[in-house]
Every structure is written in C-alpha cells, then in structure tokens.
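Trainee: After the structure tokens below, expect a handful of questions from me.
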Amino acid sequence: TAKLAKFLTKQGYAVGVIGADTYRPGALVQLRTMCEKSNVEVYGEPNNKDSPDIVKNGLKYFESLPLDVIIIDTAGRHKEEKDLLSEMEQINKVSDPDLAILVIDGTIGQQCFNQAEAFHKTIPVGGIIITKLDSSAKGGGAIAASAATGAQIMYIGTGERIDDLEKFSPTRFVGRLLGMGDIQAVLDLAKRLENEGDDVRLKRISSGKMNMDDFFYQLEEVTKVGSLKGFLDNMPGLSGMVKDDQLDQMEGRVSKWRFIIQSMTKAEKADPDLLNSSRIKRISRGSGWPEHEVKELLKNYKNSKNMMKASKGRQMQGTLRRMGFG
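Its first residue numbered 120, the sequence shown is counted upward by one per residue in our numbering.
Encoded structure:
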C-alpha cells in the first residue's frame, strides 16, 4: 500500500490511506511510518478491531480533503479464511470502491489461480499487483491470477524499498519469465540516451572533456533503471556476475557521491579543478560526508575522465549510449 501511495504521489495525485488491517500486530504503525516518507496521511484507529467501521470513518474523515485517490489497506487473507472473506465483502459494501486490487505474492506460483479465483468470487477484482519479483521466482503465477479474474496486472513489486514498484510491462515480464533479464528497462535507458541533448553530452564525455555534471548524469541514468543490482539483473548474461556485497558497496558509493556533487556550486561542477582544500572543506560540511570522501570522489572522477580520454572514439560512444555509464 505504501509503495502504491508513493508511486501515485510521484504521478502528481493527492493520496490518502485508510489503515484497516486489524489483524497483523503493528500493521498501522508500520503503514504510517512508510507513508510518512511520501507525505501521505494515514487514517487509522489503533483500538478499533472492526475493519468495516474503520473504513466508514476513514472515508468520512477524508471527505473534506482535496484528495484524488483514497487507498484502503486491508489484512492479507487466504481463500480458506471464510471470516476474512466475509469481512472483505462488508468492506466492499461500506466503501463501494472504484477499483478492488488483489495484491498477490509472486512466489506462490500456480496457487495464484485458486487464490485469485476465490477472491474474485467474493468481490470483483479489477486489478492485480504482484509482489516479491525480486526473488528467484519469475512470477509465472501472475499470469494464472490474471486468467482467474480477467483483471489486468497493473503493477509489480521488485524489492523491499518503497520505490520498488513499477508499472507492469509485458515485454519486461516475458523477459523475466524466460530468464533473459528485463530487456525493456535496458531499451528504455538506451532510448533516453538517444535524444539530441544526451548526444552532445555523450560526445563530450567520450572525448575526455567530461565535467562533474556529466559524471553526475551518468550516475543518475544508471539509478533511473533501479539499483545497480537491478540494472545488472536486467542485462541478459550479466545477472549474478558481481557479488551482492560488492554491489552494496557500489550502491553506497553512488548514493554518497550524489550528495557530495549536489553540494558543489555550478562553477565547481563545470570545472572540478577549482576544488582546493577550503572548497573541499565546505562541500564536506554541506554534504555531511568527511573530506576524504570528497577527495575519493574527485579521484574517481579524474580516473573516469582519463579513461574516456584514452578510449575516445566511436566505440566508446557506442558503449556509453548502450550502457549509460563509462
């Protein structure tokens, strides 16, 4: 629910959430903590165990607020839990939702069909979200859930972080099923790198005239695809070639560098040679990272720039265009 709320707020929608999971200990606290990251308000009643009543009160509470979407977060339930299915019917009656979304675990495989079918018989399922596609499961059960309900798969969860939710793409999904990686994500990156502005930048990078803005751009383009682990997993043949602890170190470094670069002035980004000891000290204070980390970034920037200079030419430009980094 928190991931969907974050996704919708990024699309420009004003979102409110009603916490109606009265079964899982700490569910409301966890939901509020997660939704706070997106500045999404959560209505809940910690001492009320009547989910339909909470939903009714929550809808009344949000009535006066200028919201585009209200998400009702309910408890997870199994097809054999008759009481919970009955409760779901009551919630449906009280809320009269525009859309009922079935959130289903991508790791349960073909059991998805029976689970989805039971839910659909209770209330009409209008959309499906498949979770845990970051695991070894390829999510074939997602197709079974869609077949059982006639509802389309709307989103897939690809990790634990609040941002790890993406719109369903058949091309991406088939790539996962066939173990070919997320080909569409790589194609999306390549497409972004093909516009005119990027072309000018890529020529500058590959000729060895890269500045700190260009270096930052490369880091940003890679992280737009997702985590570095996600990026490598998306590349056919590269999945698993780099150890998880090495990837964690790389991701930590990228995150750190982004803060440091954002603490530089425009002039410093355009010409990092301006960075003397007093400027490095100021950037260190502004970014919250020690001076040696700023120097480490500069060292890597210079190494990258020198590598580009040594490898300049059409081949390097082509590599950059395809991969998004040097």
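Where a beta carbon is used, it is the ideal one built from N, C-alpha and C, also for glycine.
Quantities reported herein were computed from a predicted structural model and do not represent experimental measurements.
On the premise that T120 lies in contact with A136, defined as a C-beta separation below 8 Å, what is that separation, rounded to the nearest angstrom?
Mentor: Looking at the sequence provided, one finds Val at residue 136 rather than Ala. With a Cβ gap of about 6 Å, V136 and T120 count as contacting.
Trainee: When the Cα atoms are used, what is the spatial distance from P171 to K385?
Mentor: Taken atom to atom, the span from the alpha-carbon of P171 to that of K385 is near 54 Å.
Trainee: Do D282 and G276 have their beta-carbon atoms positioned less than 8 Å apart in this structure?
Mentor: no
Trainee: For the beta strand (DSSP E) that D224 lies in, which residues bound it at each end?
Mentor: Element bounds for D224: I220 to D224.
Trainee: Between which residues of its own chain and M153 is the CB-CB distance below 7 Å, once the five residues before and five after are set aside?
Mentor: A121 and I281
Trainee: In whole angstroms, what is the alpha-carbon distance linking L221 and Y180?
Mentor: Computed Cα separation, rounded: 25 Å.
Trainee: Identify which residue in S382, K414 and N395 has its Cα closest to the Cα of G407.
Mentor: S382
Trainee: So, for T250: in the same chain, excluding its five sequence neighbours on each side, which residues have a beta-carbon less than 8 Å away from its beta-carbon?
Mentor: V222, I223, D224, G225, I275 and G276
Trainee: Please list the terminal residues of the continuous beta strand (DSSP E) segment that includes G135.
Mentor: V134 to G138
Trainee: What residues are listed by DSSP as bridge partners for D192?
Mentor: In DSSP, D192 forms a bridge with G138.
Trainee: What does the Cβ neighbour count give for N425, buried or exposed, with the cut at 16 atoms within 10 Å?
Mentor: Exposed, since its Cβ has fewer than 16 Cβ neighbours within 10 Å.
Trainee: Is V213 closer than 8 Å to L127 when the C-beta atoms are compared?
Mentor: No, the pair does not count as a contact, with Cβ atoms beyond the cut-off.
Trainee: Determine the direct distance from the alpha carbon of D332 to that of P185, and round the result to whole angstroms.
Mentor: Cα-Cα distance, rounded: 39 Å.
Trainee: Could you spell out the range, first to last residue, of the alpha helix (DSSP H) harbouring L147?
Mentor: For L147, the enclosing alpha helix (DSSP H) stretches over residues A146 to E155.
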